[in-house]
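Colleague: First the structure, which I've put down as structure tokens, then a few questions once you've had a look.
Numbering (this note's numbering), first residue to last: 1 to 245.
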């Protein structure tokens with residue numbers, strides 16, 4: 001499975017192609033799915049351009065994207081603590097969502113992760129458990145009574161070194177692979193994004209790409225939107241699939 005991560009916590013100061021509004025998210029999602037993305041992850045934004053968990057903003061973003069992608073394509077959002085550091089307030093806002101995403105990411109190294117995951121389960125929203133390299137997220141996740149109830153694990157390689165990210169990814173996969181009973185999606189960021197995507201392809205794992213993770217194509221040129229990144233990722237994945245068979 002190839003997921004597109006449309007915007008992340010980025011702003012258009014980094015790239016004018018980063019979608020911010022519901023309309024921009026919808027347009028980017030439609031193009032990315034047309035290029036081969038099978039799942040969508042997005043960060044709803046407030047008028048200030050910052051990530052938000054406010055129900056009207058989540059609802060507007062999710063509804064806009066759902067209106068333009070096929071029904072089979074699921075749409076997810078972030079619950080990252082940078083959007084709202086207080087875990088109790090995050091739980092309150094999730095309880096107040098009127099339009100529910102199909103899934104939401106929960107970073108297991110963040111304070112309040114289990115409380116956030118718990119309310120998502122109460123509301124019938126799938127959980128993507130974000131396990132970041134370089135944190136105690138894997139340990140916390142393995143000890144969690146909710147570990148078997150998540151939809152998938154996002155193995156997030158925070159090592160941005162082009163020459164080291166793949167090795168860091170291999171270590172993280174080994175750490176998570178012990179007794180893991182749910183799907184594993186492996187991805188990197190910035191300079192590590194493409195090496196980690198190739199590692200995921202080689203292992204036959206789910207992965208993701210998009211302007212949240214990287215602004216450049218494999219050849220170092222600027223990506224003019226998420227669809228360009230998805231097209232490049234699709235070529236890599238198809239190449240590895242052909243080699244396996």
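In this text, a Cβ means the ideal position worked out from N, Cα and C, and glycines have one as well.
Note that the structure is predicted; figures quoted are calculated from it, not measured.
Please report how far the alpha carbon of residue 30 lies from the alpha carbon of residue 76, in whole angstroms.
Modeller: Here the question's residue 30 lines up with position 30 in the chain shown. Here the question's residue 76 lines up with position 76 in the chain shown. One C-alpha to the other measures close to 15 Å.
Colleague: For residue 168, which residues from the same chain have a beta carbon less than 7 Å from its beta carbon, with the 5 sequence-adjacent residues on both sides left out?
Modeller: Numbered from 1 along the chain shown, position 168 holds the residue referred to as residue 168. For residue 168, where only same-chain residues beyond five positions count, the Cβ hits under 7 Å are 133, 157, 159.
Colleague: Going by beta-carbon coordinates alone, are residue 93 and residue 61 separated by less than 8 Å?
Modeller: On the chain shown, residue 93 is found 93 positions in, with the first residue counted as 1. On the chain shown, residue 61 is found 61 positions in, with the first residue counted as 1. Contact: no.
Colleague: Taking Cβ positions, are residue 126 and residue 103 nearer each other than 8 Å?
Modeller: Residue 126 sits at position 126 when you count from the first residue of the chain shown. Residue 103 sits at position 103 when you count from the first residue of the chain shown. Contact flag set, yes.
Colleague: Does DSSP put residue 28 in a helix, in a strand, or in coil?
Modeller: Your numbering for residue 28 matches position 28 in the chain shown. Correct three-state label for residue 28: helix.
Colleague: If you count every other CB in all the chains shown that lies within 10 Å of the CB of residue 206, and 16 or more means buried, which is it?
Modeller: As a working mapping, residue 206 is identified with position 206 in the chain shown. By the 10 Å Cβ count, residue 206 comes out buried.
Colleague: Leaving aside the five residues before and after residue 46 along the sequence, list all residues of the same chain whose C-beta is less than 8 Å from its C-beta, in chain order.
Modeller: As a position in the chain shown, residue 46 is number 46, starting the count at 1. Here the set comprises 52, 54, 57.
Colleague: Determine the contact status of residue 4 and residue 11, defining contact as a CB-CB distance below 8 Å.
Modeller: Start at 1 with the first residue of the chain shown, and residue 4 comes out as number 4. Start at 1 with the first residue of the chain shown, and residue 11 comes out as number 11. The answer is no: Cβ separation not under 8 Å.
Colleague: Would you give the residue range spanned by the beta strand (DSSP E) that residue 105 belongs to?
Modeller: In the chain shown, counting from the first residue as 1, residue 105 sits at position 105. Element bounds for residue 105: 103-107.
Colleague: On the three-state DSSP scale, how would you describe residue 231?
Modeller: Position 231 of the chain shown holds residue 231. Here residue 231 sits in helix by DSSP.
Colleague: Spell out the partners DSSP gives residue 216 in its beta bridges.
Modeller: One-based indexing of the chain shown puts residue 216 at position 216. The partner list for residue 216 (beta bridge, DSSP) reads 222.
Colleague: Indicate whether residue 155 and residue 176 have their beta-carbon atoms separated by less than 8 Å.
Modeller: Mapped onto the chain shown, residue 155 falls at position 155. Mapped onto the chain shown, residue 176 falls at position 176. Yes, they are a contact pair.
Colleague: Cα separation between residue 189 and residue 221?
Modeller: By one-based count along the chain shown, residue 189 stands at place 189. By one-based count along the chain shown, residue 221 stands at place 221. Cα to Cα, residue 189 sits roughly 16 Å from residue 221.
Colleague: Which first and last residues belong to the alpha helix (DSSP H) in which residue 118 is found?
Modeller: Taking the chain shown and counting its residues from 1, the one referred to as residue 118 is at position 118. 113-122 is the extent of the alpha helix (DSSP H) around residue 118.
Colleague: So is residue 50 buried or exposed if we call it buried at 16+ other beta carbons inside 10 Å?
Modeller: On the chain shown, residue 50 is found 50 positions in, with the first residue counted as 1. Flag for residue 50 reads exposed.
Colleague: With residue 43 and residue 14 assumed to form a contact (beta carbons below 8 Å), what rounded beta-carbon distance in angstroms separates them?
Modeller: Here the question's residue 43 lines up with position 43 in the chain shown. Here the question's residue 14 lines up with position 14 in the chain shown. The pair is not a contact, with the Cβ atoms about 13 Å apart (cut-off 8 Å).
Colleague: Once DSSP output is grouped into helix, strand and coil, what is the label at residue 56?
Modeller: Position 56 of the chain shown, counting from 1, holds the residue named residue 56. Residue state, collapsed to three classes: helix.
Colleague: Once you ignore the five residues that flank residue 193 on each side, which residues in its own chain have a CB closer than 6 Å to its CB?
Modeller: Numbered from its first residue, the chain shown carries residue 193 at position 193. Taken in chain order, the residues that qualify are 213, 214.
Colleague: Which residues in the same chain as residue 38 place their Cβ atom closer than 6 Å to its Cβ, once the five residues preceding and following it in sequence are excluded?
Modeller: Translated into positions along the chain shown, residue 38 becomes position 38. Cβ within range, chain order: 1, 2.
Colleague: Could you check how far apart the C-beta atoms of residue 63 and residue 40 are, in whole angstroms? I think they sit under 8 Å.
Modeller: Stepping through the chain shown from its first residue, residue 63 is reached at position 63. Stepping through the chain shown from its first residue, residue 40 is reached at position 40. Contact flag wrong, Cβ pair sits at about 13 Å.
Colleague: Rounded to whole angstroms, what's the CA-CA distance from residue 182 to residue 150? Just pull it up for me.
Modeller: Taking the chain shown and counting its residues from 1, one reaches residue 182 at position 182. Taking the chain shown and counting its residues from 1, one reaches residue 150 at position 150. Straight-line Cα distance between these residues: approximately 7 Å.
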